[in-house]
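Residue numbers (this note's numbering), protein chains in the order written: chain X, 155 to 508; chain F, 155 to 508. For glycine and all other residues, C-beta sits at the position ideal for the given N, C-alpha and C. All of these numbers come straight from a predicted model, not from anything done at the bench. Contents: one structure, followed by commentary.
Protein chains: 2
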Amino acid sequence: MATARGERAEASIKDVARQARVSIASVSRVMNGQPTVREETRNRVLAAVQSLNYVPHVGARSLITQKTNVVGVLLPDLHGEFFSELIRGLDGLARDRKRQLLLSSVHGEAEEVAAALRALRGKVDGLVVMSPHVDSDLLQRNLPSALPIVLLNSPIRGSGCSSFTIDSYRGARAMTRHLASRGHRRIAHLAGPPGNWDAEQRLRGYRDEMRRARPGVPLHVLPGDFTQRAGYEAGRLLAASSDRPDAVFAANDVLAIGCLVAFREAGVRVPEDVAVAGFDDIPLSSLVSPALTTMRVHIAELGRSALEHMMACLEDPKGTRPIARRLVPEVVVRDSSGAPTNSTGRSKRPINPR
Amino acid sequence: MATARGERAEASIKDVARQARVSIASVSRVMNGQPTVREETRNRVLAAVQSLNYVPHVGARSLITQKTNVVGVLLPDLHGEFFSELIRGLDGLARDRKRQLLLSSVHGEAEEVAAALRALRGKVDGLVVMSPHVDSDLLQRNLPSALPIVLLNSPIRGSGCSSFTIDSYRGARAMTRHLASRGHRRIAHLAGPPGNWDAEQRLRGYRDEMRRARPGVPLHVLPGDFTQRAGYEAGRLLAASSDRPDAVFAANDVLAIGCLVAFREAGVRVPEDVAVAGFDDIPLSSLVSPALTTMRVHIAELGRSALEHMMACLEDPKGTRPIARRLVPEVVVRDSSGAPTNSTGRSKRPINPR
DNA sequence: CTTTCGCAAGAAAACGTTTACAGTGCACTC
DNA sequence: GAGTGCACTGTAAACGTTTTCTTGCGAAAG
């Protein structure tokens, strides 16, 4: 009973074998529930396990079984609700499937990604990688060759890995169209960081749809970087500007919310003076006021299904072919995008039931 | 160059040794940057490494070095900003120190915790455990004996592990005092889940401070469980109730925000009709409107310093003694708790600069 | 009474590393 | 010309498992 912590090294299979007066093979068999062991032997082993407080060393086990039950997750960053939602989705499935997640976050790209990738060899059965900077070559070169990989947000063509992406281009067009349908003419785009795949798709979607729906209206693109601060700065600029646009379509929700805060502080009313829309539908978006119109991405679902596919690959490496799933987000209309042109009622939506 | 993915198994140190015509020992020496190897040999090895795309198998390495460079993190759940902030803090330090995080989340407590703990043996160098249900015995019994452990939020006395906790009791007293100082008399408490250590401390703090600051005023405790939905339900109840309290002190921010939403829907004005306060200061709290008065906990910092202490223990196992750090949260006054009794100005705070 | 079978359990190889130890060759020193 | 020391490299044990063989042995079959 008095097994005070930190007193001695962990017991190994050998210790158990010695104490139970059997071979290590038998201990192993008992631990793995193999039927081919006599009742009496099993009991002796179990008793020894109990008394020594033996716990198998999974690291050693996975060396020989070639399975770790761990999936590596490589993310560019961990700030904000987008990533926490993603992790939530990943973790949900991991837990259901009795697997664990090895988290690795990276900023510096390039060399740092390579190092992180290397540090994962032999520790994971598969990899979920989100590499928003489109450095396919780098990734391609550093990927351990035999490891199943699922890419999030940035397909690498011909790489042989599966990818789960958000159709940012179509999403951006849909949102731009929505804003236009609300009667807004001069729609500005608060862009994401240059080089980011999603950000670029969203910018392109905005451009194309503006040309189609609002031909002649000049494009208005403000630089940003997916942070609330950038949204805030842009919002201040716009609030003070002499020719304020009718609507601001931010490349993600966090930017939009920063913008919202700046507008509130400056006394600019949303949506009366200017409409605002975001992208991602992070949980926060339904809680700010005015509630944010945005593109619903089902972030947690994205993570979950990516991991699900990865597990399928793990169970049947040869039976599964790489897939490229592209999730189409949907417009979620809330208060911030203004009343419909032919109606006056504010949308009254139930709260987001998490 | 045409190293298409998935073509063959990974190269091992033996393959490199064979190709470079040296022993595996020399390869190992080169990989670990030991100086005692001739220039020419080193080059041969390096060339082989390059051509075989060799990456050392960290799993195998850690089997013999007894170091994994991974820290396990056991959390009760992953919902909400509290945990994402915590993970952010943990990950920040992990990244700085070139370590990785192995995430494991648990709900069912008891047997599930034990299983999770076992699944970690040999995969991690240390453990950060958050077990809000006060089941110290269970934890105590299942903890691998030699593993450094840091407990988050729920000290186990005499367990020999370090713990980092929030002083929820003092925090709750401070918040209750604050609400009282704002002139509120009938202060209700929206409690957290029973059995949760922090929730119970907060309830106790509320009770004690009410008795001191508002003797004679009956306590009013509503059951809850740290979810937004529970806050919402409680808010609806209160809004419809005939004797609404002057103020609601929720056991955490998420509850408070749920409550806020219910009040807004019911047309109950905050803080004019009823004040609301939360606990934790999740990032969201400064963004809702009215901005939420709450106890600032510095969640990410908590995670970061817990991990920092753990690393210190890892580097010098004998030199560090278990510590029990108790972080005292501070009142953050925002709009939701009402104007000071002797002033009318709404507090105008800068936005939370993440 | 042999042969055959099947069950239980042990021996040993394997997984991919690190590292203590033992060579090997070579330049010095006496 | 043998001993000494040094710089380098190879051998083999170890880490904690799983798993394939092998072996021992009692029972069923002939």
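Cβ-Cβ distance between residue i and residue j below 8 angstroms
i: A401 (chain X); j: A410 (chain X); result: no
i: G243 (chain F); j: I477 (chain F); result: no
i: D434 (chain F); j: F236 (chain F); result: yes
i: H461 (chain X); j: V282 (chain X); result: Here the sequence assigns Leu to residue 461 (chain X), which means His is not the residue at that position. Against a cut-off of 8 angstroms, the Cβ pair of V282 (chain X) and L461 (chain X) comes out as a contact.
i: G349 (chain F); j: Y323 (chain F); result: no
i: M284 (chain F); j: L306 (chain F); result: yes
i: G421 (chain X); j: D379 (chain X); result: no
i: P286 (chain X); j: D352 (chain X); result: yes
i: L200 (chain X); j: V442 (chain F); result: no
i: L446 (chain X); j: D407 (chain X); result: yes
Rounded separation between residue i and residue j - CA only
i: V415 (chain X); j: V424 (chain F); result: 19 angstroms
i: M185 (chain X); j: T381 (chain X); result: 50 angstroms
i: I320 (chain X); j: S395 (chain F); result: 45 angstroms
i: R192 (chain X); j: V181 (chain X); result: 12 angstroms
i: G246 (chain F); j: G370 (chain F); result: 48 angstroms
i: R480 (chain F); j: A334 (chain X); result: 54 angstroms
i: G412 (chain F); j: G389 (chain F); result: 7 angstroms
i: V224 (chain X); j: A270 (chain X); result: 15 angstroms
i: L257 (chain F); j: H343 (chain X); result: 37 angstroms
i: R198 (chain F); j: A174 (chain F); result: 5 angstroms
i: Y208 (chain F); j: S439 (chain X); result: 46 angstroms
i: G280 (chain F); j: A171 (chain X); result: 27 angstroms
i: G457 (chain F); j: I241 (chain F); result: 7 angstroms
i: R398 (chain F); j: R339 (chain F); result: 11 angstroms
i: D169 (chain F); j: P377 (chain X); result: 50 angstroms
i: E164 (chain F); j: G325 (chain F); result: 54 angstroms
i: I310 (chain F); j: F318 (chain F); result: 11 angstroms
i: R196 (chain F); j: A214 (chain X); result: 30 angstroms
i: S501 (chain X); j: V227 (chain F); result: Unreliable positioning characterises S501 (chain X) in this predicted model, as indicated by a pLDDT of 44, which lies under 50. A coordinate reading is not provided.
i: D470 (chain F); j: H463 (chain F); result: 11 angstroms
i: D231 (chain F); j: E194 (chain X); result: 41 angstroms
i: P210 (chain F); j: T190 (chain X); result: 37 angstroms
i: A493 (chain X); j: S490 (chain F); result: 28 angstroms
i: A429 (chain F); j: I436 (chain F); result: 19 angstroms
i: R272 (chain F); j: V212 (chain X); result: 9 angstroms
i: R275 (chain F); j: S259 (chain F); result: 16 angstroms
i: Y386 (chain F); j: R418 (chain F); result: 10 angstroms
i: R485 (chain F); j: R331 (chain F); result: Position check: residue 485 (chain F) holds Val in this sequence, whereas Arg was assumed. Their backbone Cα atoms lie some 10 angstroms apart in a straight line.
i: S166 (chain F); j: R365 (chain X); result: 56 angstroms
i: T219 (chain X); j: R253 (chain X); result: 15 angstroms
i: R488 (chain F); j: V304 (chain X); result: 44 angstroms
Cross-chain neighbours of residue i in chain F, by beta carbon under 8 angstroms
i: L438 (chain X); result: L438, L441
i: I411 (chain X); result: L441
i: S322 (chain X); result: The premise fails here: S322 (chain X) is roughly 23 angstroms from chain F at the closest Cβ pair, so nothing lies under 8 angstroms.
Range covered by the alpha helix (DSSP H) that runs through residue i
i: Q382 (chain X); result: 382-394
i: E164 (chain X); result: Segment: none, E164 (chain X) is in no alpha helix (DSSP H) and carries neither H nor E.
i: F417 (chain F); result: 407-420
i: V402 (chain F); result: It is not in any alpha helix (DSSP H) - V402 (chain F) instead sits in the beta strand (DSSP E) that spans 401-404.
i: L373 (chain X); result: Per DSSP, L373 (chain X) belongs to no alpha helix (DSSP H) and is neither H nor E.
i: A178 (chain F); result: Reading the sequence as shown, one finds Ile at residue 178 (chain F) and not Ala. Element bounds for I178 (chain F): 178-185.
i: L357 (chain X); result: 351-367
i: V304 (chain X); result: From DSSP, V304 (chain X) is part of no alpha helix (DSSP H) but of the beta strand (DSSP E) over 303-306.
Interface residues of chain X facing residue i [CB-CB closer than 9 angstroms]
i: K168 (chain F); result: None at all; the shortest Cβ gap to chain X is about 15 angstroms.
Chain F contact residues for residue i, given Cβ-Cβ distances below 7 angstroms
i: K277 (chain X); result: V212, G213
i: S182 (chain X); result: What S182 (chain X) touches in chain F: nothing, since even the nearest Cβ is about 15 angstroms away.
Partners in chain X for residue i, counting only beta-carbon separations shorter than 8 angstroms
i: Q355 (chain F); result: What Q355 (chain F) touches in chain X: nothing, since even the nearest Cβ is about 25 angstroms away.
i: R175 (chain F); result: What R175 (chain F) touches in chain X: nothing, since even the nearest Cβ is about 24 angstroms away.
Element boundaries [beta strand (DSSP E), containing residue i]
i: E484 (chain F); result: 484-486
i: H343 (chain F); result: 341-344
i: S316 (chain F); result: 316-320
Under 7 angstroms from the C-beta of residue i: neighbouring residues of chain X
i: L468 (chain F); result: The premise fails here: L468 (chain F) is roughly 13 angstroms from chain X at the closest Cβ pair, so nothing lies under 7 angstroms.
i: R249 (chain F); result: S259
i: S491 (chain F); result: Correct list: empty, because the minimum Cβ distance to chain X is about 18 angstroms.
Chain F contact residues for residue i, given Cβ-Cβ distances below 9 angstroms
i: L217 (chain X); result: H211, G213, A214, L217
i: Q254 (chain X); result: G226, L256, L257, S258, A270, A273, L274, K277
i: R390 (chain X); result: Near R390 (chain X) there are no residues of chain F at all, since even the closest Cβ is about 11 angstroms away, more than 9 angstroms.
Alpha helix (DSSP H) segments (min. 4 residues) lying fully within the segment 229-286 of chain X: 234-250, 264-272
Continuous beta strand (DSSP E) assignments of at least 3 residues falling wholly in the segment 416-488 of chain F: Counting whole runs of 3 or more residues, the segment 416-488 of chain F contains the beta strand (DSSP E) stretches 429-431, 448-450, 478-481, 484-486.
Contained alpha helix (DSSP H) runs [length at least 4] in the segment 181-230 of chain X, N- to C-terminal order: Positions of the alpha helix (DSSP H) runs, each at least 4 residues long and wholly inside the segment 181-230 of chain X, are given as 193-206, 212-219 in order along the chain.
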